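**Q**
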Amino acid sequence: MTKLYEPSASDQYRSFLFEDDLDEDLEWQDSYAPHLLASFGHSLATELTPLAIVLNPDEKKKKTADISLLGSNSLLVLSAKAHACLKDKLQPCGQFAPLASADECFIGFHVTRVLQDAVIWAASDYREQDAKKILYTPTLKQSSVEGNYVFMLQESQTRIYVSSTFFEDCERHGLTGIDWAQSKHINTSE
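With the sequence shown counted from 1, adding 49 to any position gets you the working numbering.
1. Kindly confirm or deny that the region 129 to 136 and the region 72 to 92 touch, where touching means at least three C-beta pairs closer than 8 Å.
2. Quick check on this structure: which residue in Ala146, Glu239, Asp60 has the alpha carbon closest to the alpha carbon of Gln191?
3. Using 8 Å for Cβ pairs, my map puts Ala167 next to Val194. What's the rounded Cβ distance?
4. Since I believe Cys142 is in contact with Ser126 (beta carbons under 8 Å), could you give me their beta-carbon distance rounded to a whole number of angstroms?
5. Are the beta-carbon atoms belonging to Ser117 and Gly223 less than 9 Å from one another?
6. By Cβ distance below 7 Å, which residues in the same chain neighbour Leu93 in space, the five residues on each side in sequence not counted?
7. CA-CA distance, Lys233 and Ser57?
8. Considering only DSSP beta bridges, list what Thr161 is partnered with.
9. Rounded to whole angstroms, what's the CA-CA distance from Tyr185 to Asp74? Just pull it up for me.
10. Near Gln206, what residues of its chain come up, given a Cβ to Cβ distance below 7 Å and the 5 sequence neighbours on each side ignored?
11. My parser needs the beta strand (DSSP E) runs of 3 or more residues fully inside the region 135 to 202; what are they?
12. Considering Cα atoms alone, identify which of Leu104, Tyr62, His91 is closest to Glu68.
13. How about Leu266 and Val163: are their beta carbons less than 9 Å apart?
14. Name the one or two DSSP bridge partners that Ile116 has.
15. How should Ala149 be labelled, buried or exposed, when 16 other C-beta atoms within 10 angstroms of its C-beta is the threshold for buried?
16. Give the C-beta separation of Tyr198 and Phe216 to the nearest angstrom, bearing in mind that I take them to be a contact with Cβ-Cβ under 8 Å.
17. May I ask you to check if the CB of Ile169 is nearer than 8 Å to at least one heavy atom of the ligand FAD?
18. Kindly list the residues whose CB is nearer than 7 Å to the CB of Glu55, restricted to its own chain and excluding five residues on each side of it in sequence; keep chain order.
19. If Asp228 and Ser59 are in contact, beta carbons under 8 Å, what's the gap, nearest whole angstrom?
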């Protein structure tokens, strides 16, 4: 049985954010957010690259992690070390994209692998609102997730899921940034 996780960012490390998040007066429709949503499941729109992502200026005393999760988006931010260790397995699952900020050596990774019809609703934790299902903790079909390193779900467009192989690679290479103790374990079944 495949082990899966919904990774959680560690509070010990600096987070990244979109540069436009620093502008408190910017309206949502004028931000990166709608462009990123439009890129769900396929390559980033050209106006998004290079990614205008910066280290959170409010967290200067924290160390920078090897892997950062960018909020509720399809993006990971990887250090040069994480990129070197994970690039071959990540490549089939998405798109690498440069960052506009050259503070340090980081690269963005946009997850484009989206699984369709993988959720077992009867065994998942969700609620219904406005005739839509809002997924909290999914139970996934084993046959749908087998062999996937990192992916997203059509039914949950704001969360990234990773395999036990991804977890093992992070552990083996000593990659920091994900709080595995706080990460949700995702069940699978048939």
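The beta carbon of each residue, even a glycine, is placed where N, CA and C say it ideally should be.
Quantities reported herein were computed from a predicted structural model and do not represent experimental measurements.
**A** So, from the data block:
1. no
2. Sequence index remark: in the sequence shown, residue 191 carries index 142 (1-based). The option with the nearest alpha carbon to Gln191 is Glu239.
3. One-based indexing of the sequence shown puts residue 167 at position 118. One-based indexing of the sequence shown puts residue 194 at position 145. At roughly 6 Å, the Cβ-Cβ gap stays under 8 Å, so Ala167 and Val194 are in contact.
4. The residue given as residue 126 occupies position 77 in the sequence shown. The residue given as residue 142 occupies position 93 in the sequence shown. First, the residue type needs correcting, since residue 126 is Val and not Ser in the sequence shown. Not confirmed; about 15 Å, so no contact.
5. Stepping through the sequence shown from its first residue, residue 117 is reached at position 68. Stepping through the sequence shown from its first residue, residue 223 is reached at position 174. No, they are not a contact pair.
6. By one-based count along the sequence shown, residue 93 stands at place 44. For Leu93, where only same-chain residues beyond five positions count, the Cβ hits under 7 Å are Gln144, Ala146, His159.
7. Numbered from 1 along the sequence shown, position 184 holds the residue referred to as residue 233. Numbered from 1 along the sequence shown, position 8 holds the residue referred to as residue 57. Going by the C-alpha atoms only, they are around 8 Å apart.
8. In the sequence shown, counting from the first residue as 1, residue 161 sits at position 112. DSSP, once it has assigned bridges, lists no residue as partnering Thr161.
9. Sequence index remark: in the sequence shown, residue 185 carries index 136 (1-based). Sequence index remark: in the sequence shown, residue 74 carries index 25 (1-based). When rounded, the distance between both Cα atoms is 31 Å.
10. Translated into the one-based positions of the sequence shown, residue 206 becomes position 157. Excluding positions up to five away in sequence, the list reads Phe89.
11. 143 to 147, 155 to 160, 174 to 178, 181 to 186, 188 to 190, 199 to 202
12. If you number the sequence shown from 1, residue 68 lands on position 19. With distances taken between Cα atoms, Glu68 lies closest to Leu104.
13. Beyond the ends of the chain as shown, which are 50 and 239, falls residue 266; an answer cannot be given.
14. Counting from one through the sequence shown, the residue named residue 116 turns up at place 67. Leu127.
15. Residue numbering aside, residue 149 sits at position 100 when the sequence shown is read from its first letter. With fewer than 16 other Cβ atoms within 10 Å, it is exposed.
16. Numbered from 1 along the sequence shown, position 149 holds the residue referred to as residue 198. Numbered from 1 along the sequence shown, position 167 holds the residue referred to as residue 216. Incorrect: roughly 10 Å between the Cβ atoms, too far for contact.
17. Judged by which ligands are present, the structure shown has none, so any question about the ligand FAD falls away.
18. In the sequence shown, the residue the question calls residue 55 occupies position 6. Once the five neighbours on either side are set aside, the close Cβ partners of Glu55 are Arg208, Tyr210, Ser232, Lys233, Ile235.
19. Taking the sequence shown and counting its residues from 1, the one referred to as residue 228 is at position 179. Taking the sequence shown and counting its residues from 1, the one referred to as residue 59 is at position 10. Yes, they are in contact, since the Cβ atoms of Asp228 and Ser59 sit about 4 Å apart, within 8 Å.
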